[in-house]
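**Student:** The opening residue of the sequence shown carries number 37 in this note's numbering; numbering runs sequentially from there.
A virtual CB, placed ideally from N, CA and C, is assigned to each residue, including glycine.
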Amino acid sequence: MTRYTVIVEKDEDGWLVSEVVGLPGCHTQAKTMDELLTRTKEAIQGYLEAVQEKAPSESFVGVQLLDV
């Protein structure tokens with residue numbers, strides 16, 4: 037089992053949107069957090085099947101918040 041970092045945001049229409057760090061283009065959306073997490077797992081599985089890899093080629097380093 038591999039652990040992935042997921043960024044979750046709420047869009048202007050109230051949808052929750054997830055993006056999987058380290059898997060370019062791997063994202064999904066849903067109205068509830070439970071549904072979003074289920075869909076995100078499915079998106080990761082589909083992504084990995086499509087690229088036929090067991091782990092991403094990039095290593096996640098971290099998330100930084102910057103005040104400008």
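Look at the alpha carbon of residue 87 and the alpha carbon of residue 62, and state the distance between them as a whole number of angstroms.
**Tutor:** Cα to Cα, residue 87 sits roughly 12 Å from residue 62.
**Student:** Have a look at residue 85 and residue 79 and give me their C-alpha separation to the nearest angstrom.
**Tutor:** So the alpha carbons of these two residues sit roughly 10 Å apart.
**Student:** Output the distance between the C-alpha atoms of residue 110 and residue 104, rounded to the nearest integer angstrom.
**Tutor:** Only positions 37 to 104 of the chain appear in the structure, and residue 110 is not among them; the question remains open.
**Student:** Helix or strand or just coil, what does DSSP make of residue 88?
**Tutor:** Reduced to three states, the DSSP call for residue 88 is coil.
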